[in-house]
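Residue numbers (the working numbering): 1207 to 1627.
Virtual Cβ for every residue (Gly too), placed ideally from N, Cα, C.
Owing to the predicted nature of the structure, the values given are computational and were not obtained by experimental measurement.
One structure below.
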């Protein structure tokens, strides 16, 4: 179906034409008519299927007809990177509409705060915000949401993982009761279902497309490898694939980011790094260099598994198995976007075998596992049911609690929440 057949505003169609977009993706085709009708919606679709445009296009269409002053739509998302990405998409799609937006997130200076305050009081049409920063403004008492008509949660499952449920409920308490609520997510854990009952109108419409599965264009594979051999294996893979220009390597911790980046820089591979240790300007500079192919490899934590809009990523390497099965979908979703193809390779050590088996169960697919090249070393034997291989492993916190090697179990320890933005 074309966007014209969906009945969108002519100015939106003109913007889409300038971007060379003509046909809607399945999630856009199903979601846009529902949103244009003014109904609440829960949409669940895999990463890279066009979810952002699925809620932006009809929301822009509706608020362009709303002549009241002030903020008309609030979009809440988990990270700064995603807030910036959505704000930029709003600016591109709304170019001919005269609709204005601003991204509200932490990490900036006093000038950013003043600019955000002005937008929240005098009113940009659309606010795109991370929960923590928005609540900081709300607590000051000057935010004006009285004319707001649309409340949108993007990457809702990620926000639940990061411990934002109470923040979202608090934000919702500041909004008019009469509003349209939209929730977009790649997965639908039980926490989201509880949130739905709190913030949405009864009986919301639902769109579910290929939930919790990577795109069909992703070739997935894995190596069985001890931690001591991972750096050599990365170097070998990059050496064997000189024609790949955009590669993302995901690690489990900020320290691992530093470790991998240092090792690859010694080999002159052209490497950039992103983690929560980096200031926003540093993150953006690294992303610009990566997009422009001034650097070939981007190493980061899950902070870049969502919310970065980079086309033509050839290869994703999971240096560590993701801590939660759903995160695998988002990492792998960085490649093979918009009906293209890509490769995703995961390194599995002996402690991560059981976790990786959970990933295979989630995506309903057994992934081919290979031994590492003999010149690098020996591989561990695939045995996901041997609990001795994942002693002390907490699948949510990802911690190896017993580095000293004793057999004490810590599976019931409460997982840590991610640091809020």
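Exposed or buried, what is residue i when buried is set at 16 or more other beta-carbons lying within 10 Å of its beta-carbon?
i            : result
residue 1364 : buried
residue 1331 : buried
residue 1274 : exposed
residue 1615 : A caution first: residue 1615 carries a pLDDT of 37, below 50, which makes its placement in the model unreliable, though a value can still be read off. Its Cβ having fewer than 16 others within 10 Å, residue 1615 is exposed.
residue 1574 : exposed
residue 1234 : buried
residue 1518 : exposed
Would you say residue i and residue j are within 9 angstroms of each other, going by their C-beta atoms?
i            : j            : result
residue 1390 : residue 1362 : yes
residue 1259 : residue 1302 : no
residue 1579 : residue 1442 : yes
residue 1327 : residue 1349 : yes
residue 1444 : residue 1453 : yes
residue 1351 : residue 1280 : yes
residue 1531 : residue 1424 : no
residue 1268 : residue 1356 : yes
residue 1392 : residue 1251 : yes
Whose CA, out of the options, lies closest to the CA of residue i?
i            : options                : result
residue 1256 : 1588, 1352, 1532, 1539 : 1539
residue 1406 : 1397, 1386, 1276, 1529 : 1386
residue 1553 : 1588, 1401, 1449, 1478 : 1588
residue 1467 : 1456, 1479, 1217       : 1479
residue 1170 : 1392, 1487, 1415, 1374 : Because residue 1170 is not part of the residues shown, which for the chain are 1207 to 1627, the question remains open.
residue 1436 : 1425, 1371, 1421, 1456 : 1456
residue 1343 : 1262, 1250, 1311       : 1311
residue 1284 : 1557, 1337, 1522, 1474 : 1337
residue 1581 : 1262, 1439, 1207, 1241 : 1439
residue 1307 : 1223, 1322, 1317       : 1322
residue 1529 : 1367, 1471, 1591       : 1367
residue 1506 : 1483, 1586, 1409       : 1483
residue 1577 : 1411, 1428, 1298       : 1428
residue 1377 : 1393, 1249, 1334       : 1334
residue 1360 : 1420, 1317, 1291, 1319 : 1291
residue 1451 : 1413, 1502, 1215       : 1502
residue 1509 : 1537, 1276, 1525, 1494 : 1537
According to DSSP, what are the bridge partners of residue i?
i            : result
residue 1272 : Its beta-bridge partners do not exist; DSSP assigns none.
residue 1474 : According to DSSP, residue 1474 bridges with nothing at all.
residue 1387 : 1357
residue 1412 : 1248
residue 1480 : 1506
residue 1453 : 1503, 1521
residue 1229 : 1208
Exercise for review: Would you list, in sequence order, the uninterrupted alpha helix (DSSP H) runs of no fewer than 4 residues that lie entirely inside the segment 1415-1439?
Suggested key: The qualifying runs do not exist here; there are none.
Practice item. May I have a chain-ordered list of the beta strand (DSSP E) segments no shorter than 3 residues that lie completely inside the segment 1567-1596? Key: Correct list: 1574-1577.
Point to revise | Continuous beta strand (DSSP E) assignments of at least 3 residues falling wholly in the segment 1519-1558 | key: 1521-1524, 1548-1554
Point to revise | beta strand (DSSP E) runs contained entirely in the segment 1284-1325, provided each spans 3 or more residues | key: 1307-1310
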